[in-house]
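Residues 2 to 66 (our numbering) are what the sequence shown spells out, left to right.
Just so it is clear, CB atoms sit at the ideal spot from N, CA and C, and this is done for glycine as well.
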Amino acid sequence: HWAYRLYLQKQPGLLAPPVEVTINLPPPGYLLWSERPAAQQQGTRLTYRLDLQTDQAIEVWYGLP
């Protein structure tokens, strides 16, 4: 199993900008677990939408056959 972690830091003095993150799992990968639900999933492509009012993290575990 493999893991991917992304940590986004809010920058001081900025408003909470909306952020969209797309993760493409390597084919023929498959999702095992995601820390937060993806806003959209199409095959091995996961799209997350969040705002940066505070620091945010995305963690995805996936497998390869």
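query: Apart from the five residues on each side of it in sequence, which residues of its chain come closer than 7 Å, Cβ to Cβ, to Pro66?; result: Pro29
query: Can you tell me the Cβ-Cβ gap for Asn25 and Arg46, rounded? I've got them flagged as a contact below 8 Å.; result: 5 Å
query: Where does Val20 land, buried or exposed, given buried means 16+ other C-beta within 10 angstroms?; result: exposed
query: Specify the secondary structure class of Ala4 as computed by DSSP and reduced to three states.; result: strand
query: Is Tyr5 buried or exposed, if buried means 16 or more other CB atoms sit within 10 Å of its CB?; result: exposed
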